[in-house]
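Visitor: A single structure is presented below for examination.
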Amino acid sequence: MKRLIWIISLLFSVVVAKDLNLKELEISCDNGDMDACFYLGYFYKYGKFVEQSYHKAAELYQKACDNDYAFACSALGDLYVSGKGVELNYRKAAKLYEKACDNGDLWGCGSLINLYCEGEGLKQNYQNAIKSSQKACDNANSLGCLNLGIAYEKAKGVRQDYAIAKEYFGKACDLGNQLGCDGYKRLNNR
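Going left to right, the sequence shown walks through residues 1279 to 1468 as the working numbering numbers them.
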């Protein structure tokens, strides 16, 4: 839900930003306004109102992340995963996603879960994936609940327990995740 609110506010800000003086945003960022730093990073990443520069986006996201702006940590992690504007580095991405997740950004939690489950650039670690999934699920993130359901159903990092798996699939379903509904139904018919 927080991610949806963030996306809506970001889209609104893009429309409003057309009327804003980018210089004012730069001044605000320089004066410690991390919202301004994040939005400027977004503009540079996507080439909105400025010439696209992943490197400049990374610098702005880093500044905001250093000041515990969770969304900026996730955005910077995405750059490290893609190698755009920074050197490809999954370990740095994982640390950034973890910081974002710890500061309430569920995108960061989901991204961290994916890195640990896939073992992409990192050692596959289901225990860390479970921990991040639990944090996400506890914060009403359907993907976190779905991941926990899958983990308990398939014994990935936890002992197999269909009752617990069904419970997490049910939570994911209640949060609007169709795959959670499918998992719940499958285990209910078991």
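Where is the CB? At the ideal position from N, CA and C, for every residue including glycine.
1. Alpha carbon to alpha carbon, what distance is there between residue 1313 and residue 1306?
2. Classify residue 1451 as helix, strand or coil using the three-state DSSP reduction.
3. Return the CA-CA distance between residue 1465 and residue 1320, expressed in angstroms with no decimal places.
4. Closer than 7 Å, CB to CB, is residue 1316 near chain D or not?
5. At which residue ranges does the stretch 1416-1440 contain complete alpha helix (DSSP H) runs of 4 or more residues, listed in the order of the chain?
6. What's the C-alpha gap between residue 1354 and residue 1371?
7. Assuming residue 1427 contacts residue 1446 under a Cβ cut-off of 8 Å, what Cβ separation, rounded to an integer in Å, is found between them?
8. State buried or exposed for residue 1340, treating a residue as buried only when at least 16 other CB atoms are found within 10 Å of its CB.
9. Give the range of the alpha helix (DSSP H) segment to which residue 1337 is assigned.
10. Exposed or buried, residue 1450, counting other C-beta atoms within 10 Å across all chains shown (16 or more means buried)?
11. Please state if the CB of residue 1399 and the CB of residue 1421 are separated by a distance shorter than 7 Å.
12. Would DSSP call residue 1388 helix, strand or coil?
13. Suppose you measure from the CA of residue 1366 to the CA of residue 1310; what does that come to, to the nearest Å?
14. Would you call residue 1416 buried or exposed, if buried means 16 or more other Cβ atoms sit within 10 Å of its Cβ?
Guide: Put simply:
1. Working through the sequence shown from its first residue, we reach residue 1306 at position 28. Working through the sequence shown from its first residue, we reach residue 1313 at position 35. If I take the Cα positions, the gap works out to 9 Å.
2. Walking along the sequence shown from the start, residue 1451 turns up at place 173. Note: residue 1451 maps to helix in three-state DSSP.
3. For the purposes of this step, residue 1465 is identified with residue 187 of the sequence shown, where counting begins at 1. For the purposes of this step, residue 1320 is identified with residue 42 of the sequence shown, where counting begins at 1. Between the C-alpha atoms of residue 1465 and residue 1320 there is a straight-line separation of about 42 Å.
4. Judged by its chain identifiers, the structure shown contains no chain D, having just a single protein chain.
5. Unbroken alpha helix (DSSP H) stretches of 4 residues or longer found wholly inside the stretch 1416-1440: 1420-1432, given in chain order.
6. In the sequence shown, the residue the question calls residue 1354 occupies position 76. In the sequence shown, the residue the question calls residue 1371 occupies position 93. C-alpha separation (whole angstroms): 7 Å.
7. Here residue 1427 corresponds to residue number 149 of the sequence shown, with the count starting at 1. Here residue 1446 corresponds to residue number 168 of the sequence shown, with the count starting at 1. Contact holds; Cβ gap of about 4 Å.
8. Residue mapping note: residue 1340 aligns to position 62 of the sequence shown, counting from 1. Label assigned to residue 1340: buried.
9. Within the sequence shown, residue 1337 is the residue found at index 59, counting from 1. Segment 1332-1344, the alpha helix (DSSP H) holding residue 1337.
10. Here residue 1450 refers to the residue found at position 172 of the sequence shown. Residue 1450 should be labelled buried.
11. Indexing the sequence shown from 1 puts residue 1421 at position 143. Indexing the sequence shown from 1 puts residue 1399 at position 121. No; because the gap between Cβ atoms is not below 7 Å, this pair is not in contact.
12. Sequence index remark: in the sequence shown, residue 1388 carries index 110 (1-based). If DSSP states are grouped into helix, strand and coil, residue 1388 belongs with the helices.
13. Start at 1 with the first residue of the sequence shown, and residue 1366 comes out as number 88. Start at 1 with the first residue of the sequence shown, and residue 1310 comes out as number 32. Approximately 28 Å, taken between the alpha carbons.
14. Translated into positions along the sequence shown, residue 1416 becomes position 138. Residue 1416 should be labelled exposed.
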